[in-house]
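Student:
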Amino acid sequence: MIQRIQTVYLLLACIAMVVCALFSFSNLAAGIAALVPAVISLYDISLYKNRPLQANICRGLCLFGIAFIIFLTVSHTGDNAEKNFLISMCSTVLAVFLWFLASKAIIKDEKLVRSLDRIR
Numbered sequence: 001m002i003q004r005i006q007t008v009y010l011l012l013a014c015i016a017m018v019v020c021a022l023f024s025f026s027n028l029a030a031g032i033a034a035l036v037p038a039v040i041s042l043y044d045i046s047l048y049k050n051r052p053l054q055a056n057i058c059r060g061l062c063l064f065g066i067a068f069i070i071f072l073t074v075s076h077t078g079d080n081a082e083k084n085f086l087i088s089m090c091s092t093v094l095a096v097f098l099w100f101l102a103s104k105a106i107i108k109d110e111k112l113v114r115s116l117d118r119i120r
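Every letter in the sequence shown is one number past the one before it in this note's numbering, and letter 21, counting from 1, is 21.
1. Quick check on DSSP: helix, strand or coil for K49?
2. Taking C-beta to C-beta, are A16 and A95 nearer than 8 Å?
3. Should W99 and A13 be called a contact, given that it needs their Cβ atoms to be closer than 8 Å?
4. Along the chain, where does the alpha helix (DSSP H) containing K23 start, and where does it finish?
5. Comparing alpha-carbon positions, which option in L112, V113, I106 lies nearest R59?
6. Thinking C-alpha only, which one of A34, L10, D109, Q6 is nearest V19?
7. Which of the three DSSP states is assigned to N56 in this structure?
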């Protein structure tokens with residue numbers, strides 16, 4: 001499980017969303033909303049035996065991340081929390097990128113397993 005690259009991507013995305021939650025707690029809704037995909041990423045790591053579901057959850061997390069970026073941009077007040085906003089935004093963009101990479105790696109693994117099943 002841990003030797004798969006998508007597990008590392010999902011774990012790093014989880015850490016990025018926790019960082020986002022820590023720096024966006026001036027907006028409580030954003031802080032809580034950032035913890036939800038972090039927990040889902042940890043759950044997604046445990047789905048390594050069901051790769052199609054794992055890939056679909058990664059795609060859903062990508063969409064959630066994009067919606068969360070839009071939410072952060074709209075809810076930004078422009079006060080003196082500019083540094084916190086920038087860190088939250090960068091960590092969310094990083095998490096979306098990592099979820100995308102994890103999804104690609106999961107699909108690649110699934111194709112490899114299917115090709116090996118055909119050989120047998």
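Virtual Cβ for every residue (Gly too), placed ideally from N, Cα, C. It should be emphasised that the depicted structure is a prediction, and the values quoted were computed from it without experimental measurement.
Tutor: For this structure:
1. coil
2. A contact, by the Cβ cut-off of 8 Å.
3. It is a contact, given that the beta carbons lie within the stated cut-off.
4. The question names Lys, but residue 23 is Phe in the sequence shown. Segment 5-23, the alpha helix (DSSP H) holding F23.
5. I106
6. The closest CA to that of V19, considering only A34, L10, D109, Q6, is found on A34.
7. helix
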